[in-house]
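According to the UniProt record's numbering, the sequence shown holds residues 1 to 202 in order. One structure below.
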Amino acid sequence: MDDTASHVMVTPGEVAERDGVSKQAVTKIVRQLVDKHDLPVERDGRDRIARFSLAHYDHHRGQFASSARTTAARGSAAGGKETAAANSDSRDEALRREAWLRLDRAVLQQQEELKKLVRADKLQEGLSGAGRKIQSVVARLPNRADDMALAVSREGSQGLRTLLRTIAAEINREIADELDALARAAPVNDDRIADESEDTAA
């Protein structure tokens, strides 16, 4: 997982206030993004998600908002009791976070353009599908038992060796064709992560 020290990390409550949604809705999305995109997170002593990368969250959700809004939400949640000096510090912190956020987003954008971002759940699904295709091809090998027996009776071990080379080439070709068909049937882009409001509407 990424080194979280290099990311702008926020709490579900801060993003919930920024986006005007419930904390539970944000937490649900974060869990989905952890499972599907390996979202960088920090966990507490009970292994619960305490904070997560804002840039990665916004990138995968397709919602880019200024980190200053999240910083403002944090100040509001604290009760709005900052002094003038604290307000200045808060602004400096917002600017610093904004700079880190821009860097995070630039890196994510570059990775996406280079096709380096892969959904963990889709990768596992693809590997499982490929495994099933390979198994189905190899499982047909016993069907060639009669051919093998005939090769042995005619030419002995040399005849069997020649036939096995032919069968191996056929299996390799069938596997390649099956995997190619699997790849062609896959969607070009992954579906977006639905939020809680969309699930309710559905």
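Heads up, the beta-carbon is just placed ideally off N, CA and C, and yes, glycines get one too. None of these values were measured; they are calculated from a predicted model.
- Query: In chain order, which alpha helix (DSSP H) runs of at least 4 residues are fully inside the stretch 21-47?
  - Reply: 23-37
- Query: So does the stretch 168-179 actually touch the stretch 121-135, counting three or more Cβ pairs closer than 8 Å?
  - Reply: yes
- Query: Where does the unbroken beta strand (DSSP E) through R51 begin, and where does it stop?
  - Reply: Sequence index remark: in the sequence shown, residue 51 carries index 51 (1-based). Segment I49 to S53, the beta strand (DSSP E) holding R51.
- Go ahead and label D47 buried or exposed: buried means 16 or more other beta carbons lie within 10 angstroms of its beta carbon, across all protein chains shown. Working through the sequence shown from its first residue, we reach residue 47 at position 47. The residue in question, D47, is exposed, as its Cβ has fewer than 16 Cβ neighbours within 10 Å.
- Message: For E125, tell me which candidate among K36, N143 and S22 has the shortest Cα-Cα distance.
- Response: Along the sequence shown, read from residue 1 onward, the residue named residue 125 stands at position 125. E125 has its Cα closest to that of K36, out of K36, N143 and S22.
- Query: Cβ of A130 within 8 Å of any heavy atom in the ligand GTP?
  - Reply: Absence of the ligand GTP is noted for the structure shown, with no ligands found whatsoever.
- Message: Beta-carbon within less than 8 Å of H7's beta-carbon, same chain only, minus the 5 sequence neighbours each way: which residues are those?
- Response: Your numbering for residue 7 matches position 7 in the sequence shown. Closer than 8 Å at Cβ, skipping near neighbours: P40, S53, L54, A55, H56, W100 and D104.
- Message: To the nearest angstrom, how far is the alpha carbon of L160 from that of L123?
- Response: Counted from its first residue, the sequence shown places residue 160 at position 160. Counted from its first residue, the sequence shown places residue 123 at position 123. The straight-line gap from Cα to Cα measures roughly 39 Å.
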